[in-house]
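Peer 1: I have a structure I would like to understand better, so I am pasting it below and will then ask my questions one at a time.
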Amino acid sequence: MSTIRVRFAPSPTGFLHVGGLRTALYNFLFARKHAGVFILRIEDTDRSRYVPGAVDNLIRTLAWAGLVYDEGPGKGGDRGPYVQSERLTLYAEYAAQLVKEGKAYYDFDDQEDAEEAEKNVDGAPVQRAITRHAHLLTPEEIARRLAAGESAAVRMHVPAATTIAFDDDIRGHVEFASDLINDQVILKSDGYPTYHLANVVDDHLMGVTHVIRGEEWLPSTPKHVLLYEYFGWQRPSFAHLPLLLNPDRTKLSKRQGDVAVEDYQRKGYLPEALVNFIALLGWNPGDEREIFSLEELIREFSVERVGKSGAVFNIDKLNSVNKHYLRERADRDLAALVRPLLEEQGIGGISDAYLEQVIRLTKERVTTLRDVATVGDFFFADPAVFDGDAVKKNWKADSPRCVTGAADALETMTKFTAAAIEQTIRSAAEQLGVGAGKLIHPLRLALTGKATGPGLFELMEVLGKETCVRRLRHALDTRV
RNA sequence: GGCCUUAUCGUCUAACGGUUUAGGACGCAGCCCUCUCAAGGCUGAAAUACGGGUUCGAUCCCCGUUAAGGCUACCA
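So the first sequence is numbered by the numbering used here: it starts at 65 and just counts up by one.
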């Protein structure tokens, strides 16, 4: 048995898409599960879509998610280079080989001409002509034009009237009529290969045994199958993953929310949450467990349990998974992650100890790390405004009297702990002849500006006696 | 338009012909807990797209319809 080798082969056109992350994840899990090799390969064969910095970004994001690759850019490996733009001569050689063997041919048609010929009429979809003109030019003519320095693309020759079939590990047997398949360009006139050639050549040369990729590649797989045949190479097995969808069930895209992994990172989602959530979009363990660490996913994952239908990227579910992991993480850990987020919003100069206390009281009440700044805003500054509804609900006629009494009592305290505060407040309420709620609710409002939040006594301890008393007096001044 | 793929609660999904009054999770509603919120606990509403077969028996197998998506580039 040879080692299982899989690859994640994104094109560096910007940021890592969450769909791409899932593809990478499944490849990674499959490789780890079978003690195989996980390769990262950069498919940068479209010069017009080149985005500087995209590769670094991709690598950084993969690392953030914990998907460590074994071979690839910056990592090495003996089947490199792992960046397609550095393998140009290779593709040219293989394309030339196919031409020589009559399995591909030169096409001198101008790109613009071709595009013009395929334009739709009246905006109505028009059957794109199947390009097939292998016999248009004589060998002499081709040789002459090539010698004259004319640029040409290379098209693969697709046989007529046959069926191209393969067995997909997820979808089963799939067949395509060759008559419907274009004589695909495999080498562009600028010398770059198209995806089809590069992908087949590289997968073979890199020893890829299993191709696990998105369903959008299913229709072009017969071209790849054909190329494997032409080269006389054993083809890998294919597994086409169902697509990730927008809420309206179209292919997940921008404009309908965030699609870049970085967006979620920036918003304060934990990598383990995103990974766990995304793993469940198209795969399930077969029982009712839903929380999985990366290690557990490696143990449980199998292609057999990957579904066939597209999955809507449901942000509510992600939120709930994120909340789960937020509660699991240590306060200290979270504090380190939250600090830069706070600083982004101009909140700085906070001690580690204080921030950890804030985290302790807010982490059960936030969805993302970013929410700490809003849910716990009063920990960082006196409330600027008092929530209107909260005032209506919790600031009653006798509230000034109650808050005054509480403030007076608090002022005398020496040990300002949650337990002591609670005792003080409750006995103050007793002395005022009212229920504790008559103090607690207005107090919370005066201290935080809102009607919801962490436990009052705990929050007060963190705020400290001076801040509490100051805010209470101030609230009395402005509200009465 | 053509080709390919897909089709269980709103969403993610389980049930790989009978153990099913179709299970779980998120979301939603209610209740409990409680200083509020969150968490937690309990309860509830909520699905096999439609029509034919095959079979003693279909969510599950086959065919068709419908719907959705993907692909149809010298983009990946």
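No residue lacks a Cβ here, since even glycine has one placed at the ideal position from N, Cα and C.
Whether or not the stretch 242–249 and the stretch 283–302 are in contact is what I'm after, with contact meaning three or more pairs of Cβ atoms, one per stretch, closer than 8 angstroms; do they touch?
Peer 2: Touching, yes.
Peer 1: Tell me H237's beta-bridge partners as DSSP assigns them.
Peer 2: Position 173 of the first sequence holds residue 237. Bridge partners of H237: D231.
Peer 1: For G83 and L308, what's the separation of their Cα atoms in angstroms?
Peer 2: What you label residue 83 is simply residue 19 of the first sequence in a count that begins at 1. What you label residue 308 is simply residue 244 of the first sequence in a count that begins at 1. If I take the Cα positions, the gap works out to 6 angstroms.
Peer 1: Quick one: which unbroken alpha helix (DSSP H) runs of 4-plus residues sit fully inside the stretch 345–400? Chain order, please.
Peer 2: Runs found: 358–364 and 379–392.
Peer 1: Could you give the residue range of the alpha helix (DSSP H) that holds T327?
Peer 2: Along the first sequence, one-based indexing puts residue 327 at 263. First, the amino acid is wrong: residue 327 is Asp here, not Thr. Per DSSP, D327 belongs to the alpha helix (DSSP H) from V325 to K331.
Peer 1: Given 8 angstroms as the limit, is there contact between the stretch 146–155 and the stretch 108–120, that is, 3 or more CB pairs closer than that?
Peer 2: These segments touch.
Peer 1: Roughly how many whole angstroms lie between the Cα atoms of N386 and Y333?
Peer 2: As a position in the first sequence, residue 386 is number 322, starting the count at 1. As a position in the first sequence, residue 333 is number 269, starting the count at 1. Between N386 and Y333, the C-alpha separation is close to 6 angstroms.
Peer 1: What do you reckon, are the CB atoms on V467 and A500 nearer than 7 angstroms?
Peer 2: Counted from its first residue, the first sequence places residue 467 at position 403. Counted from its first residue, the first sequence places residue 500 at position 436. No, they are not a contact pair.
Peer 1: Have a look at the DSSP bridge pairing and note the partners of G278.
Peer 2: For the purposes of this step, residue 278 is taken as residue 214 along the first sequence, with counting starting at 1. In the DSSP output, where bridge partners are listed per residue, G278 has L305.
Peer 1: Measuring straight from C-alpha to C-alpha, what distance separates A473 and G528?
Peer 2: Sequence index remark: in the first sequence, residue 473 carries index 409 (1-based). Sequence index remark: in the first sequence, residue 528 carries index 464 (1-based). Approximately 14 angstroms, taken between the alpha carbons.
Peer 1: How many angstroms separate the CA atom of V544 from the CA atom of L126?
Peer 2: Position 480 of the first sequence holds residue 544. Position 62 of the first sequence holds residue 126. Caution applies to V544, whose pLDDT of 46 falls short of 50 and renders its modelled position unreliable; the value that the coordinates give is listed next. Roughly 56 angstroms separates the two Cα atoms.
Peer 1: Evaluate contact between the stretch 407–418 and the stretch 354–373, counting only Cβ atoms and requiring at least three cross-stretch pairs below 8 angstroms.
Peer 2: Not touching, per the Cβ criterion.
Peer 1: If you count every other CB in all the chains shown that lies within 10 Å of the CB of K252, and 16 or more means buried, which is it?
Peer 2: By one-based count along the first sequence, residue 252 stands at place 188. It counts as buried.
Peer 1: Once you ignore the five residues that flank R490 on each side, which residues in its own chain have a CB closer than 6 angstroms to its CB?
Peer 2: Within the first sequence, numbered from 1, the residue matching residue 490 stands at position 426. The residues are A500.
Peer 1: Could you give the distance in angstroms between the alpha-carbon of F72 and the alpha-carbon of E279?
Peer 2: Here residue 72 is taken as the residue at index 8 of the first sequence, counted from 1. Here residue 279 is taken as the residue at index 215 of the first sequence, counted from 1. The alpha-carbon atoms of F72 and E279 are separated by roughly 14 angstroms.
Peer 1: At the level of alpha carbons, what is the spacing between Y294 and L269?
Peer 2: In the first sequence, the residue the question calls residue 294 occupies position 230. In the first sequence, the residue the question calls residue 269 occupies position 205. So the two alpha carbons sit approximately 15 angstroms from each other.
Peer 1: Can you give me the Cβ contacts of I411 inside the same chain, cut-off strictly under 6 angstroms, excluding the 5 residues immediately before and after it?
Peer 2: Taking the first sequence and counting its residues from 1, the one referred to as residue 411 is at position 347. The residues are F444.
Peer 1: Taking three-plus beta-carbon pairs below 8 angstroms as touching, is the stretch 229–238 in contact with the stretch 113–121?
Peer 2: Touching, no.
Peer 1: Does the Cβ of G517 have 16 or more other Cβ atoms within 10 Å, making it buried, or fewer, making it exposed?
Peer 2: The residue given as residue 517 occupies position 453 in the first sequence. It counts as buried.
Peer 1: Looking only at its chain, what residues have a beta carbon closer than 7 angstroms to the beta carbon of G271, apart from the 5 residues adjacent to it on each side?
Peer 2: Locating residue 271 in the first sequence gives position 207, where the first residue counts as 1. So the list reads R69 and R143, once near-sequence residues are dropped.
Peer 1: Over the uninterrupted alpha helix (DSSP H) stretch that includes D266, give me the two end residues.
Peer 2: One-based indexing of the first sequence puts residue 266 at position 202. Start and end: Y259 to L269.
Peer 1: Considering Cα atoms alone, identify which of K315, V222 and L520 is closest to E374.
Peer 2: Residue mapping note: residue 374 aligns to position 310 of the first sequence, counting from 1. According to the sequence displayed, residue 374 carries Gly and not Glu. Of the candidates K315, V222 and L520, the one whose C-alpha sits nearest the C-alpha of G374 is K315.
Peer 1: Indicate, with yes or no, if the ligand COA has a heavy atom lying under 6 angstroms from the CB of G321.
Peer 2: In the structure on display, the ligand COA does not appear, and there are no ligands present to speak of.
Peer 1: Rounded to the nearest angstrom, what separates D171 and Y114 at their Cα positions?
Peer 2: The sequence position of residue 171 within the first sequence is 107, counting from 1. The sequence position of residue 114 within the first sequence is 50, counting from 1. When rounded, the distance between both Cα atoms is 25 angstroms.
Peer 1: Can you give the Cα-Cα distance for G78 and K456, rounded to whole angstroms?
Peer 2: By 1-based counting over the first sequence, the position of residue 78 is 14. By 1-based counting over the first sequence, the position of residue 456 is 392. Their backbone Cα atoms lie some 49 angstroms apart in a straight line.
Peer 1: For I123, is the classification buried or exposed, using 16 other Cβ atoms within 10 angstroms of its Cβ as the cut-off for buried?
Peer 2: Looking up residue 123 in the first sequence gives position 59. Answer is buried; the Cβ neighbour count reaches 16.
Peer 1: Distance check for S66 and A417, CA to CA, integer angstroms please.
Peer 2: One-based indexing of the first sequence puts residue 417 at position 353. One-based indexing of the first sequence puts residue 66 at position 2. When rounded, the distance between both Cα atoms is 53 angstroms.
Peer 1: When burial is assigned at 16 or more other CB atoms within 10 Å of the CB, is N91 buried or exposed?
Peer 2: The count along the first sequence starts at 1 and reaches residue 91 at position 27. Per the 10 Å Cβ criterion, buried.
Peer 1: What does a CB cutoff of less than 7 angstroms around C532 pick up in its chain, not counting 5 residues either side in sequence?
Peer 2: Position 468 of the first sequence, counting from 1, holds the residue named residue 532. Cβ neighbours of C532 beyond the five flanking positions: L474, L511 and M524.
Peer 1: L261 to H98, Cα distance in whole Å?
Peer 2: Looking up residue 261 in the first sequence gives position 197. Looking up residue 98 in the first sequence gives position 34. Each residue's alpha carbon lies about 28 angstroms from the other.
Peer 1: To the nearest angstrom, how far is it from the Cα of L80 to the Cα of A88?
Peer 2: For this step, residue 80 is matched to residue 16 along the first sequence. For this step, residue 88 is matched to residue 24 along the first sequence. Their Cα atoms are separated by approximately 10 angstroms.
Peer 1: Nearest to K381 by CA position, among R369, A492 and N340, is which residue?
Peer 2: Residue numbering aside, residue 381 sits at position 317 when the first sequence is read from its first letter. Per the Cα distances, N340.
Peer 1: Report the option in H505, V323, E522 and R391 whose CA atom is closest to the CA atom of R429.
Peer 2: Against the first sequence, residue 429 aligns to sequence position 365. Comparing Cα positions, the closest option is R391.
Peer 1: If we count the other Cβ atoms within 10 Å of its Cβ and call it buried at 16 or more, is P506 buried or exposed?
Peer 2: Within the first sequence, residue 506 is the residue found at index 442, counting from 1. Counting Cβ neighbours within 10 Å, P506 comes out buried, since at least 16 surround it.
Peer 1: Cβ atoms of P335 and W128: under 7 angstroms apart, would you say?
Peer 2: If you number the first sequence from 1, residue 128 lands on position 64. If you number the first sequence from 1, residue 335 lands on position 271. It is a contact, given that the beta carbons lie within the stated cut-off.
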